[in-house]
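Reading the sequence shown from the start, the letters are residues -21 to -1, 1 to 517 in mature numbering (1 follows the signal peptide of the UniProt record, and there is no 0).
Right, one structure below, let's go through it.
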Amino acid sequence: MNKKNIVLFLILCIFPFVACAESETYPQNEFIVSVTTGIPNLHPHAAYNANEAQILTGLYEGLCTYDPYTLQPVAGLAKDWKISADGLTWTFTLRDKLTFENGDPITAQVLCDSFINLLNPKLDLPYASLLDCVKGVKEYRTGKSSDMSAIGLCAESDTSLKISLIYPAEQLANILCHHAFSAVHPSQFKAINQCAGKSSFAKPSEAFKPIASGPFKIESFTAEKIRLIKNSTYWDSESVRLPAISILLDEDADKMTEAFNQGTVHWLCGSVNLNKVAAAYTIHITPMFATEFFYFKTNTAPCNNQTLREALLAALPYTELRKDYLIPAKTLVFPLTGYPTVPGIDKQDTAKAEKLLKNLPQSQTTEPVKILLPETAFYTEQAALLKTAWQKIGISAEITTVPFEEYYDRLKTDDYHLAVISWIGDFADPLAFLELFRSDSTLNDSGWHNTDYENFIKKASAEQNRKTRFEYLAKAEQLLLDSSVLIPLSHIPAINVIDLSDIKGWYVNAVNIHPFKCIRFAQPDPLPGVALHSKENR
């Protein structure tokens, strides 16, 4: 390494530590971010997509919350927690005098009731099944039991909440950071009936307006912008530096990019034209704990037949299908340290596909495969590749596109055979992906179920040795891939445009969640080029 590179390396290493020491008196302004398009669903029990999750970091908090740098769980509404020696009992101690934005108390019972509201057996809400490690949860949310007292959630006092598990679950604290497990005001429990299954709303007057338990609250909500202001009743309001946040709801990429270039928008993580960003150093493209994939609807004909699915996968040109992705994927789970290598899906074998089809009755091969997609040119091109490949082996396909704001609602129906989804793991564990295909999971849109798969996950959940646990989960993933349920496409990168020289508390991380509480304006860092030049000429 030459001297110039060594000096630059040292500067880059030193600057973050200098930034940490910046004055707490640096003036703060309204933070403006372009996060999403459409009118989001902000009920934490119904919110489903990544943009909603980002907004909810400002409005809600649960027992645990994310460290902004590592995304490891840290104390939120709970000031601490204890785990029993056998790992089956977690006892959380809440902070004193917690309140919602309107002054109403947040107690252990409020949190228990919030969790139970999420488990509503009539609504099949996303993320509810993540609590299946808790006693009685699965039976209650699937309607097999109506006895709420059998659920392992107990408010021992206003500030003590006990959670009883079926098996040790080291990932529980990570799970509890998720917005679905936030403190929701009791008066808004019933609102879930109007919010469930909605990926967006037609107009702001119909949208859910939270009573905040987090660092910010909603001041105004229009079709163009959601404005948040600091929540003075939040337990840690003194640490919240930003006075207000404006979240722009605009899908015009050129307009938003120009606004960023002019300094009127501080962070772009929604619509952006990267080719028009004036300062390249503000573009952050980083690996994310996420995978994009097609999946089959396996509970409806003809794709309920595994042999047909195997033939369809064998016919695909994987190199061409994945060529435009930055990080092509042949597995579901993003590679993790210590997680066994799974061979994945990447071999085209047309002869094998034709041979498999010959073993099927004609009735299994004459019905067109219905492909459901959001309205984008890229996905339409991808689907066209599938259609062409399948036509070569005598299988026809029909492509249907719907507006993005309707797409996730359509995934809950049975009027398609194949769909595409981009999934971001909610915590850094293979289970964040494998949960999608558990038979009783509220996230399982494929309809696939397999007893051996369930058993591998059960064994992994009960296993306290990390290496052995990962081995069981890898076996589950391999079984899933061998069953031809999905077509991995890409491990998705996060794309953000933000100037980190004068904005602190925002860090690159694997799930692309950046708690609004931690973001602040700071004294701009010296330009690296200037610092480097000065050093070289001393």
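The beta-carbon is built from N, C-alpha and C at its ideal position, and this holds for glycine as well.
Keep in mind it's a predicted model, so treat the numbers as computed, not measured.
Roughly how many whole angstroms lie between the Cα atoms of residue i and residue j?
i	j	result
P353	A363	14 Å
L291	F275	11 Å
S128	A170	23 Å
K496	T86	22 Å
P183	F200	6 Å
I482	V476	12 Å
A134	C91	7 Å
E456	D215	41 Å
P505	N30	32 Å
F500	Y45	20 Å
N153	G373	47 Å
D229	S218	30 Å
S375	I306	29 Å
L253	L247	10 Å
K391	A398	11 Å
P100	Y119	7 Å
T212	P6	22 Å
L144	V321	30 Å
A332	P467	18 Å
G317	L410	14 Å
E198	F357	37 Å
F272	I492	21 Å
Q51	G115	27 Å
N28	S178	8 Å
G484	I471	23 Å
Y432	L460	11 Å
F268	L335	34 Å
K204	I95	32 Å
Y75	T49	Reading off the sequence, residue 75 comes out as Asp, not Tyr. Cα-Cα distance, rounded: 27 Å.
I498	S124	44 Å
R301	Q502	42 Å
I130	V113	7 Å
Output needed for residue i: all residues of its chain with C-beta closer than 6 Å, excluding positions within five of it in sequence on either side, in chain order.
i	result
R448	A439, E442
T70	K61, K141
D408	Q150
Could you pull the DSSP bridge partners for residue i from this structure?
i	result
residue 518	In the structure displayed, the chain extends from -21 to 517; residue 518 sits before or after that span and is not available.
G82	Answer by DSSP bridge pairing: none, since G82 is not bridged.
A269	I403
S161	G41
Y274	A398, L465
C133	K141
R206	S199, S225
F500	I482
H263	N475
S13	L227, L247
F180	I18
Residues in its own chain within less than 8 Å of residue i by CB, not counting five upstream and five downstream?
i	result
E9	L221, P222, A223, I224, S225
V244	I11, V12, S13, L227, M235, A238
D419	S108, D111, K117, T121
F435	Y451, L452, K454, A455, L458
T279	D393, H396, G426
Q167	H22, F187, P189, I190
Determine, for residue i, whether the minimum Cβ-Cβ distance to residues of chain D falls below 7 Å.
i	result
W485	The structure shown contains no chain D; it holds only a single protein chain.
Excluding sequence positions up to five away, which residues of its chain have a Cβ less than 7 Å from the Cβ of residue i?
i	result
A(-1)	Residue placement at A(-1) is flagged as unreliable, the pLDDT there being 36, under the threshold of 50; a coordinate-derived value is accordingly withheld.
R389	L351, V381
L415	W402, L422, N423
T277	N283, S425, G426, W427, V464
S250	S13, T16, D229, E230, D231, A232, M235
P23	L35, Y39, H158, A159, S161, V163
F195	G37, L38, L207, I208, K209, N210, I224, F495
T78	P84, I85, T212
Q88	A134
Q285	S462, S463
A257	N240
Look at the Cβ atom of residue i, then the Cβ atom of residue j, and state whether they are nearer than 7 Å.
i	j	result
L21	G193	no
T265	A32	no
A175	L102	yes
I190	E80	yes
L311	T367	no
Y297	D328	no
A148	I18	no
L42	L155	yes
A330	S469	no
T138	T68	no
F346	P281	The residue asked about is misnamed: residue 346 is Glu in this sequence, not Phe. Cβ atoms of E346 and P281: closer than 7 Å.
D478	T261	yes
A294	W369	yes
If residue i sits next to residue j, beta carbons under 8 Å apart, how far is it from one beta carbon to the other, in whole angstroms?
i	j	result
E385	K349	E385 to K349, Cβ: 16 Å. No contact.
residue 577	Q343	There is simply no residue 577 to check, as the chain begins at -21 and stops at 517 in what is shown.
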